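The structure under discussion appears below in the form of structure tokens.
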Amino acid sequence: MKNDPVLDKIRETRHLISAQCQHDPKKLVAYYLQRQKEREKKWVDYKADTKVASA
């Protein structure tokens, strides 16, 4: 398997986040849920922006 620098950076970041949560799955899920809540309004809702073409 070839090394992919982008995937290596993603894995490193995920490991650091997990370490900050003491590798506790419950804390990790709580962390990601909080991050999702904080960034909720920054995402684009593509479903709302997409118009369905009639046939």
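Residue 19 is where the sequence shown starts when you use my numbering, and the numbers rise one by one after that. Here a beta-carbon is modelled for each residue, glycine too, at the ideal position from N, C-alpha and C. This one's a predicted model, so the numbers in the text were calculated from it and none came from an experiment.
Along the alpha helix (DSSP H) that carries residue i, what are the first and last residues, could you check?
i: K55; result: P43 to R57
i: K27; result: P23 to Q38
Assuming the contact rule is C-beta atoms closer than 8 Å, residue i and residue j should be a hit. Round their C-beta distance to whole Å, please.
i: Y49; j: I35; result: 7 Å
Near residue i, what residues of its chain come up, given a Cβ to Cβ distance below 7 Å and the 5 sequence neighbours on each side ignored?
i: K45; result: C39
Which same chain residues, not among the five before or five after residue i, have their C-beta less than 6 Å away from its C-beta?
i: K55; result: none
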